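The sequence shown: position 240 = 991 (this note's numbering), numbered continuously. Glycine included, every Cβ here is placed at the ideal spot set by N, Cα and C. Quick caveat: nothing in here was measured; it's all calculated off a predicted structure. Take a look at the structure below.
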Amino acid sequence: MLPFPDSAKSLGVAVAIGILIGIERERRKGDEAGREPAGVRTFTLVAMAGALARLLAEPILLGVAGLLVAGGTLLSYLRTSRTDPGLTTEVALVITFLLGVMAVDDLLIAGGAGALVALILASRTRLHRFIKDTLTTREIEDLLILAAAALVVLPLMPNRGLGPYGAFNPFTLWRLVVLIMAINGAGYIALRTLGARYGLPLAGFFSGFVSSAATVGAMGARSRANPSLVAPAVAGAILSSCATVVQMLVVVSATSPAAFGLILAPMVAAGGVAVLFGAVAAWRASGTRDPEKAQDGRAFDLKAALLLAGTVSLVMLLASICLRYFGNRGLILAVSLAGLVDTHSAAISAATLAHSGSIAAEAAVIPILCGFTTNTATKILLAWTSGTKSYAGFVTVGVSCMAAAAWAAYALGWGR
């Protein structure tokens, strides 16, 4: 048995968990006719029973107490199943007993889990409304695909270098696929939930997680179709580049923490310029509203994520070959060319080489910045070919200042 102070803390946390969950269940009693579910007293006593059984350190007593709670919960469900077939209260009661037991061994985890259970129970109406009214069938399918990719496929991937020059790491590449899908899905859901009333700047930022270059082209086409939307379209295009910076930092940190530490300051400088420039453009567009409504669609494009992973694989192979035969100059050339198509694949390729030990983390910084710069050139080209002259001019200044800020931060040695 634990010393008295520790025992008292554990029992106190168990009681707090029971009260917290019980209060939420007590509020539901009047919402469901014909049923009297367990309330605050029952949940508190069940949590105490779990903690006391664990404190006494008698496995048989703990097992008997657990069986009694499970049996009583089953009898309660059988009595009320005709009028209310739900299992929420019964499951919550069993979880409360287990959290009471856990409170003896780990106060923080038990307390956090108890708060999470209470939050989930209290969010019933919001969760139901979100699932039934907000999410579409396609979006739920995308959620299941993401869960399978992260929880089923990813653990099965070998985590070692394969293929020519050991350039391909299946685990790293598939983790990239999962990460891209998750980021895109989060941005899509946020856009669907918030709606279009916040205008093009917000839509551009979230769309940037999918493809900033494509967003620049789309915003340009919108400015050409309706010149009155130039200001909000510029804000959306620049803020999409801010999303690119955020996404690049996330994927680089997941690939090579050492390279992430070195590239953080230049990318933060670039992102700061994007936020400032985008905020000014959004302020100028504050009186303009997006005439189009957000449409239902897919949370992410699995083919696009796989295509990005394939692009990364090819760039990594090309970079490994260039590095082997031409040294760091060859790596810079390969990553810069890749940046014309996609800045993330360029950054991930250099970071992966740093993580594998093929190059030093410091040697990955310039290739990443070069890829970021060549991708800036792609955005400028798209802005001039898709939008009005005014739109293209503002976008050119904005993304050019982002690239200049990144190089200036690197030249000044920030973060090193």
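Query	Result
Exposed unless 16 or more other CB atoms sit within 10 angstroms - verdict on His879	exposed
Same chain, Cβ closer than 6 Å to Ser758, five either side skipped, listed in chain order	Leu806
Exposure of Val1150, with buried meaning 16 or more beta-carbon neighbours within 10 Å	buried
Among Leu980, Leu825, Ala864, nearest to Val842 - alpha-carbon criterion	Leu825
Where the alpha helix (DSSP H) through Val1116 begins and ends	1116-1137
Rounded straight-line distance, which links the Cα of Gly790 to that of Arg973	56 Å
Rounded straight-line distance, which links the Cα of Leu894 to that of Arg830	36 Å
Straight-line Cα distance separating Ala816 from Arg926	43 Å
Outcome for Lys883 when other beta-carbon atoms lying within 10 angstroms are tallied against a minimum of 16	exposed
Opposing strand residues paired with Phe957 [DSSP bridges]	Phe957 is not bridged to any residue.
Coarse secondary structure for Ala1045, derived from DSSP in three states	The predicted model places Ala1045 with a pLDDT of 44, which falls under 50 and marks its position as unreliable; any figure quoted below should be read in that light. Ala1045: coil per DSSP, three-state reduction.
Beta-carbon proximity list for Ala900, same chain, < 7 Å, skipping 5 on both sides	Val928, Val929, Met932
Gly773 versus Ala765: straight-line alpha-carbon distance, rounded	12 Å
Beta-carbon contacts of Ala854 that lie in its chain and below 7 Å, excluding the five residues immediately before and after	Ser761, Val764, Ala765, Ile768, Ala802, Ala861
Of the residues Thr1129, Tyr1161, Ala1160, the one placed nearest Thr1147, counting alpha carbons only	Thr1129
Coil, strand or helix - Leu913 by DSSP	strand
Extent of the continuous alpha helix (DSSP H) to which Leu1163 belongs	It is not in any alpha helix (DSSP H) - Leu1163 carries neither H nor E in the DSSP assignment.
Beta-carbon spacing of Ala1101, Ile1072 below 8 Å	no
Of the listed residues Ala982, Leu818, Ile1014, nearest to Val996 (C-alpha basis)	Ile1014
Classification of Arg875 by the beta-carbon crowding that lies within 10 angstroms, buried from 16 upward	exposed
C-alpha gap between Ala1157 and Ala1016, whole angstroms	8 Å
Residue of Ala800, Glu1113, Leu902 minimising C-alpha distance to Pro852	Residue identity differs from the one stated: residue 852 is Val in this sequence, not Pro. Answer by Cα proximity: Ala800.
6 Å CB neighbourhood of Gly1138 in its chain, flanking five on each side removed	Gly971, Ser974, Arg975
Element boundaries [alpha helix (DSSP H), containing Phe794]	791-806
Contact check, Ile896 vs Leu1053, beta carbons under 8 Å	yes
Proximity of Pro921 and Pro906 at Cβ, strictly below 8 Å	no
Ala1128 CB to nearest heavy atom of the ligand GDP below 7 Å	As presented, the structure is devoid of all ligands, the ligand GDP included, so that no description of it is given.
Bridge-paired residues (DSSP) for Phe919	Leu913
Secondary structure of Thr887, DSSP reduced to three states	coil
Ser758 (DSSP reduced to helix, strand or coil)	helix
Own chain residues within Cβ distance below 7 Å of Glu775, not counting five before or after	Ala869, Leu872, Ala873
C-alpha gap between Thr1094 and Gly1122, whole angstroms	6 Å
Terminal residues of the alpha helix (DSSP H) in which Ile846 lies	839-856
Beta-carbon proximity check, Val967 vs Ala988, cutoff 8 Å	yes
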